[in-house]
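Here's the structure we're looking at; comments come further down.
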């Protein structure tokens, strides 16, 4: 199953807000059915996979890897680090 544009928007807004109902409304679903649609969308394998993949990417972008930590600590130790 491919995602529709509306479903992709739902996923992106759900990642942003953590609230399925709010994400559904912002994605363009009816306010009357937003809660139900939001919950249904979270059970769809393709949408769930997209959300999980994006969350993993965001976590990787925000988390320093071992090399970054070592470079930072080395710079601090050598007095090369200056606070902005």
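Residue numbers (the numbering used here): 937 to 1020. Glycine included, C-beta positions come from ideal geometry on N, C-alpha and C. Quick caveat: nothing in here was measured; it's all calculated off a predicted structure.
Helix, strand or coil at residue i [DSSP, three-state]
| i | result |
| --- | --- |
| residue 1016 | coil |
| residue 998 | helix |
Residue i and residue j closer than 8 Å at C-beta
| i | j | result |
| --- | --- | --- |
| residue 983 | residue 947 | yes |
| residue 911 | residue 980 | Beyond the ends of the chain as shown, which are 937 and 1020, falls residue 911; an answer cannot be given. |
| residue 945 | residue 964 | yes |
| residue 977 | residue 943 | yes |
Whole-Å CB distance - residue i paired with residue j, under 8 Å assumed
| i | j | result |
| --- | --- | --- |
| residue 951 | residue 987 | 6 Å |
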